[in-house]
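Q:
There are 2 protein chains.
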Amino acid sequence: MSTREQCLELDAQDPLASLRNEFSLPEKLIYLDGNSLGVCPNAALERVHQVVKVEWAEGLVTSWNSAGWRALPERLGNRLASLIGAGENEVVITDTTSTNLYKVLVAALRVQAQRAPERKVILTERNNFPTDIYIAEGLAELLDQGYSVRLVDSPDELQRAVGDDTAVVMITQVNYKTGYLHNMSELTRLCHEKGALTIWDLCHSVGALPIDLKAAGADYAIGCTYKYLNGGPGAPAFVWVSPALRDMTWQPLSGWWGHARQFQMESHYEPAPGISRYLCGTQPMISMAMVECGLDVFHKTSMQALREKSLALTDLFIKQVEARCSSHPLTLITPREHIYRGSHVSFEHPHGYSVIQALIERGVVGDYREPHIMRFGFTPLYSRFVDAWDAAEILGQVLDSGLWRDERFMTRKQVT
Amino acid sequence: MSTREQCLELDAQDPLASLRNEFSLPEKLIYLDGNSLGVCPNAALERVHQVVKVEWAEGLVTSWNSAGWRALPERLGNRLASLIGAGENEVVITDTTSTNLYKVLVAALRVQAQRAPERKVILTERNNFPTDIYIAEGLAELLDQGYSVRLVDSPDELQRAVGDDTAVVMITQVNYKTGYLHNMSELTRLCHEKGALTIWDLCHSVGALPIDLKAAGADYAIGCTYKYLNGGPGAPAFVWVSPALRDMTWQPLSGWWGHARQFQMESHYEPAPGISRYLCGTQPMISMAMVECGLDVFHKTSMQALREKSLALTDLFIKQVEARCSSHPLTLITPREHIYRGSHVSFEHPHGYSVIQALIERGVVGDYREPHIMRFGFTPLYSRFVDAWDAAEILGQVLDSGLWRDERFMTRKQVT
């Protein structure tokens, strides 16, 4: 067990410590929910004023060109690319994760319809983030061509389940509940050996750990920008497609922004070459502009440095909670091995919901996920070692005191 | 021909004149492009600060509940409902117009698949806004069940074309090029008599004229909030479905926000009852919050009063242009009859692109649409009679002087 002083010393020696100054953080709050909604970059406060007051109110329609709004999906995509091992002009920021998943899922099934039309199974984990499963169900139902969604219950079962009937394996790289980190290279290689394509949902890994889509040979990737990337509430998502597959198919949300000649206003669709064909309609520019402020901070460090700190933080938190709270019924469901761990730590507790509510009142913001999961996200851009220590200590106090049994914490309300 | 003094007098007597003070407008600019991007409400300047500085930076993840983010799609939908003749809890603000069109198009085809599966034609106008056609093409291609998109070349041909094979008639109520206003009640009645369903794209009519979807018996409607509603660049769109049809089908962009029990995180999709099933993923909250500022202004007046002023403005502009510019090759393509006119006026000119560029430099912002169209939008919340007079005068000067022939206006650049 570490002492609080040791943690303060770790923070004092942390070469990334100054990055915390890039963000507007409420004083005294221990915010361990950046994996649900990242914090606000200081730059966003100025940038939003510029976008609304100058670009919208004064520039009006001319800002589509003069303020660069038109090219923002591509430009921000390029800004994000290095964080996920993508190349120039391979990523766009647009729409939502769910919508982008729909696009790449159709694209992947179309590729398979050309290569191996007998493959009709979309394979994923039962505890994948639900929207991924729902989108796949919605598409399978719509197509009415024998497609089905198959759910597996563990990473091992997933590997065994990839077979001759598998069209696509659709996996969230870091599981939103357990924090389990899938091995992208190995799983992609396995899928390709078995003839399946891969779709990687990077929501809980982008900005949290190094990702190299091209080195892994991945086929498709999507993800959000509002967690570790600190792009703002509900900020537009991203989509990447392997250049080898990108121009083989078009995607069915074929709006005018994905047209080869958008402003020719032609009466038939022709997909743009390249990743722009994954655009659809006009994007929410004020929210979109905020994404850049979050991305800029990442260019002041490296994902490798952030990963090292992230693992040190989650190691510390696991160790401290297990030492400080050993008399309470907490079960760690996040892997201890670094190669299988993302950047959040989840413990089960029979009354996880109430414990989380009590923690929030005590100034430690984690979140709750069904059925019993308390989730704590460590975001190495701004989380401190002393935060991990204090959070474990306050968790211990909440559990020791039984504070969480108070009626006000037992009543359910909805939290994202 | 009116005098400028008469126009100033009309403005002085205009009971809606004070509404202009609700907006932040660049001085001396005559902005006739609110039908492409509406102006910035003053309230938006304060609201955006609140959303970013207080709700995001300070409230962080708790703002999903405490700041009401979670319910914003429905709450703003209710705020919009009265402008389109929709009832309480019948509209949501979400995603883009293109994406929402995809959702309702699938829903309509599913209803027809139950009622009249032999109907396979999606009928629309060739000069409909292109994204509507593209989305229908994308869906027809995806379904691979014999669906096709049929394009007609006039409102008369449209009426004749509705037949036994028509599944859906998909029309933009006010044509983005000509400003032609379709009769929603008559066309809906005709479609229903012939067994077809109707989808109304309200992008160029919402906030510009009174709309009564329920009185017209319409089936589906979608539209944007960034034109006459002044919701901000690329602000999220809306979707309405007739309550009689709403719960008959689900839509394929079946993300977690449309689930019956979103936070139960179940592993199978079940659509929420009501219009919430048209939600998909997490929405861009900063852009979304701005929509409210635009909608609030409409609740200070009535669509009937706005319509009267709109027609007076477009009448004046047509009359002035035709008088002032009679020696130039201008062709009015907007209907003169009020019942067929929206709130923008379009003239063709052989060099429309260059004339518009020259006008913009002279401080009159209209926009250009292929092939030769100069489009001028009158937004009765803030357009003045003297603006219509001055715009016609400056157009006359630009044409008389040949200013538009200057090289800097002849070079094409892209404008939305």
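One line per chain: the protein sequences are A and B, in this order.
The first sequence begins at -2 in the working numbering and counts up one residue at a time.
The second sequence begins at -2 in the working numbering and counts up one residue at a time.
Glycine residues also receive a C-beta, built at the ideal position from the N, C-alpha and C atoms.
When you compare the stretch 266 to 278 of chain A with the stretch 85 to 100 of chain A, are there three or more beta-carbon pairs, one atom per stretch, that lie closer than 8 Å?
A: The answer is yes - the stretch 85 to 100 of chain A touches the stretch 266 to 278 of chain A, with three or more Cβ pairs under 8 Å.
Q: In this structure, how does DSSP classify F375 of chain B when only helix, strand and coil are distinguished?
A: Along the second sequence, read from residue 1 onward, the residue named residue 375 of chain B stands at position 378. Looking at F375 of chain B - three-state DSSP - the assignment turns out to be coil, as it is neither helix nor strand.
Q: Decide if R432 of chain A is buried, meaning its Cβ has at least 16 other Cβ atoms within 10 Å, or exposed.
A: Coverage of chain A is limited to positions -2 through 413, which leaves residue 432 of chain A absent and any answer about it impossible.
Q: From the DSSP output, in three-state form, read off V395 of chain B for me.
A: Within the second sequence, the letter at position 398 stands for residue 395 of chain B. DSSP places V395 of chain B in helix when its eight states are reduced to three.
Q: Between the C-alpha atoms of D30 of chain B and M262 of chain A, what's the straight-line distance to the nearest angstrom?
A: What you label residue 30 of chain B is simply residue 33 of the second sequence in a count that begins at 1. What you label residue 262 of chain A is simply residue 265 of the first sequence in a count that begins at 1. One C-alpha to the other measures close to 18 Å.
Q: Using beta carbons (cut-off 8 Å, strictly below), is H256 of chain A in contact with chain B?
A: Here the question's residue 256 of chain A lines up with position 259 in the first sequence. Yes, H256 of chain A lies at the interface with chain B (some Cβ there is under 8 Å from its Cβ).
Q: Nearest to L329 of chain B by CA position, among B:G84, B:R186, B:S340 and B:I315, is which residue?
A: One-based indexing of the second sequence puts residue 329 of chain B at position 332. If we check each option's Cα against that of L329 of chain B, B:I315 comes out closest.
Q: Is it right to say G176 of chain A is buried, meaning 16 or more other beta carbons lie within 10 angstroms of its own, or is it exposed?
A: Residue mapping note: residue 176 of chain A aligns to position 179 of the first sequence, counting from 1. It counts as buried.
Q: Please classify T246 of chain B: is it buried, with 16 or more other beta-carbons within 10 angstroms of its beta-carbon, or exposed?
A: Within the second sequence, the letter at position 249 stands for residue 246 of chain B. When all chains shown are included, T246 of chain B counts as buried.
Q: Closer than 8 Å by C-beta to R67 of chain A: which residues in its own chain qualify, once you throw out the five before and the five after it? Chain order, please.
A: By one-based count along the first sequence, residue 67 of chain A stands at place 70. W61.
Q: Would you say M407 of chain B and L69 of chain B are within 8 Å of each other, going by their C-beta atoms?
A: The residue given as residue 407 of chain B occupies position 410 in the second sequence. The residue given as residue 69 of chain B occupies position 72 in the second sequence. No, Cβ-Cβ distance for M407 of chain B and L69 of chain B is not below 8 Å.
Q: Does the structure place the stretch 155 to 174 of chain A close enough to the stretch 122 to 141 of chain B that three or more beta carbon pairs sit under 8 Å?
A: Touching, no, given that fewer than three Cβ pairs across the two stretches are closer than 8 Å.
Q: With 16 other CB atoms within 10 Å as the buried threshold, where does R76 of chain B fall?
A: As a first step, residue 76 of chain B is located in the second sequence; it is residue number 79 there, counting from the start. When all chains shown are included, R76 of chain B counts as buried.
Q: In angstroms with no decimal places, state the Cα-to-Cα distance between A241 of chain B and K306 of chain B.
A: In the second sequence, residue 241 of chain B corresponds to position 244, counting from 1. In the second sequence, residue 306 of chain B corresponds to position 309, counting from 1. Roughly 35 Å separates the two Cα atoms.
Q: Along chain A, which residues have their Cβ under 7 Å away from the Cβ of G271 of chain B?
A: As a working mapping, residue 271 of chain B is identified with position 274 in the second sequence. Going along chain A, no residue has its Cβ under 7 Å from G271 of chain B, so there is no contact; the nearest lies around 17 Å.
Q: Kindly provide the ranges of any beta strand (DSSP E) runs that are 3 or more residues long and lie completely inside the stretch 201 to 257 of chain B, ordered along the chain.
A: If we require 3 residues or more, the beta strand (DSSP E) runs fully inside the stretch 201 to 257 of chain B come out as 217 to 220 and 235 to 238.
Q: Are the beta-carbon atoms belonging to P207 of chain B and Q301 of chain B less than 8 Å from one another?
A: Residue mapping note: residue 207 of chain B aligns to position 210 of the second sequence, counting from 1. Residue mapping note: residue 301 of chain B aligns to position 304 of the second sequence, counting from 1. Yes.
Q: I think Y225 of chain A touches G56 of chain A, with their Cβ atoms under 8 Å apart; what is that distance to the nearest whole Å?
A: In the first sequence, the residue the question calls residue 225 of chain A occupies position 228. In the first sequence, the residue the question calls residue 56 of chain A occupies position 59. Y225 of chain A to G56 of chain A, Cβ: 32 Å. No contact.
Q: Check whether the Cβ atoms of I272 of chain B and V88 of chain B sit closer than 8 Å, and answer yes or no.
A: Locating residue 272 of chain B in the second sequence gives position 275, counting from the first residue. Locating residue 88 of chain B in the second sequence gives position 91, counting from the first residue. Closer than 8 Å, so yes.
Q: Quick check on this structure: which residue in B:Q394, B:L310 and B:L80 has the alpha carbon closest to the alpha carbon of C322 of chain B?
A: By 1-based counting over the second sequence, the position of residue 322 of chain B is 325. For the residues B:Q394, B:L310 and B:L80, the minimum Cα distance to C322 of chain B belongs to B:Q394.
Q: Below 9 Å between beta carbons is the criterion; list the residues of the stretch 327 to 350 of chain B that meet it against any residue of chain A, in chain order.
A: Of all residues in the stretch 327 to 350 of chain B, none has a Cβ within less than 9 Å of some Cβ in chain A.
Q: Taking F126 of chain A as part of the alpha helix (DSSP H), name the residues at either end of that continuous run.
A: By one-based count along the first sequence, residue 126 of chain A stands at place 129. Neither: F126 of chain A is in no alpha helix (DSSP H) and is coded neither H nor E.
Q: Counting only Cβ pairs nearer than 8 Å, list the residues of chain B close to I130 of chain A.
A: The sequence position of residue 130 of chain A within the first sequence is 133, counting from 1. Those are S264, H265 and Y266, listed as they occur along chain B.
Q: Please list the partners that V362 of chain B has in chain A, where partner means a Cβ-to-Cβ separation under 8 Å.
A: Mapped onto the second sequence, residue 362 of chain B falls at position 365. The contacting residues are L57, V58 and T59.
Q: Span of the beta strand (DSSP E) holding H341 of chain B?
A: Taking the first residue of the second sequence as 1, we reach residue 341 of chain B at position 344. Run containing H341 of chain B: H341 to E345, per the beta strand (DSSP E) assignment.
Q: Under the three-state reduction of DSSP, which class applies to V362 of chain A: helix, strand or coil?
A: Start at 1 with the first residue of the first sequence, and residue 362 of chain A comes out as number 365. If DSSP states are grouped into helix, strand and coil, V362 of chain A belongs with the strands.
Q: Classify G84 of chain B: buried if its beta carbon has 16 or more other beta carbons within 10 angstroms, exposed otherwise.
A: On the second sequence, position 87 is the one that residue 84 of chain B refers to. Classification for G84 of chain B: exposed.
Q: Give me the chain D residues within the contact set of Q280 of chain B, using Cβ-Cβ distance strictly less than 7 Å, ordered along the chain.
A: The structure shown contains no chain D; its protein chains are A and B.
Q: Grab me the residues of N86 of chain B's own chain with a C-beta within less than 8 Å of its C-beta, minus the 5 sequence neighbours each way, in chain order.
A: Taking the first residue of the second sequence as position 1, residue 86 of chain B is located at position 89. For N86 of chain B, where only same-chain residues beyond five positions count, the Cβ hits under 8 Å are E71, G74, N75, G271 and I272.
Q: Would you say C277 of chain B faces chain A, with C-beta separation under 8 Å as the test?
A: Here the question's residue 277 of chain B lines up with position 280 in the second sequence. Taking Cβ atoms only, chain A reaches closer than 8 Å to C277 of chain B, which makes this a yes.
Q: Any idea if E404 of chain B is buried or exposed, counting beta-carbon neighbours within 10 angstroms, 16 or more meaning buried?
A: Within the second sequence, the letter at position 407 stands for residue 404 of chain B. It counts as exposed.
Q: Using a Cβ-Cβ cut-off of 7 Å (strictly less than) and excluding sequence neighbours within five positions of T413 of chain B, which residues of its own chain qualify?
A: The residue given as residue 413 of chain B occupies position 416 in the second sequence. Confidence in T413 of chain B is poor, its pLDDT being 47 and thus under 50, which makes the residue's placement too unreliable to answer from.
Q: So what's L7 of chain B in DSSP terms, helix, strand or just coil?
A: Against the second sequence, residue 7 of chain B aligns to sequence position 10. Helix at L7 of chain B.
Q: Taking CB distances under 8 Å as the criterion, tell me whether Q261 of chain B reaches chain A.
A: For this step, residue 261 of chain B is matched to residue 264 along the second sequence. So yes, Q261 of chain B belongs to the interface.
Q: If you measure between the beta carbons of Y99 of chain A and L250 of chain B, is that distance less than 8 Å?
A: Indexing the first sequence from 1 puts residue 99 of chain A at position 102. Indexing the second sequence from 1 puts residue 250 of chain B at position 253. Yes, they are a contact pair.
Q: Within this structure, are the beta carbons of L292 of chain B and W386 of chain B separated by less than 8 Å?
A: In the second sequence, residue 292 of chain B corresponds to position 295, counting from 1. In the second sequence, residue 386 of chain B corresponds to position 389, counting from 1. Not in contact: L292 of chain B and W386 of chain B (Cβ atoms no closer than 8 Å).
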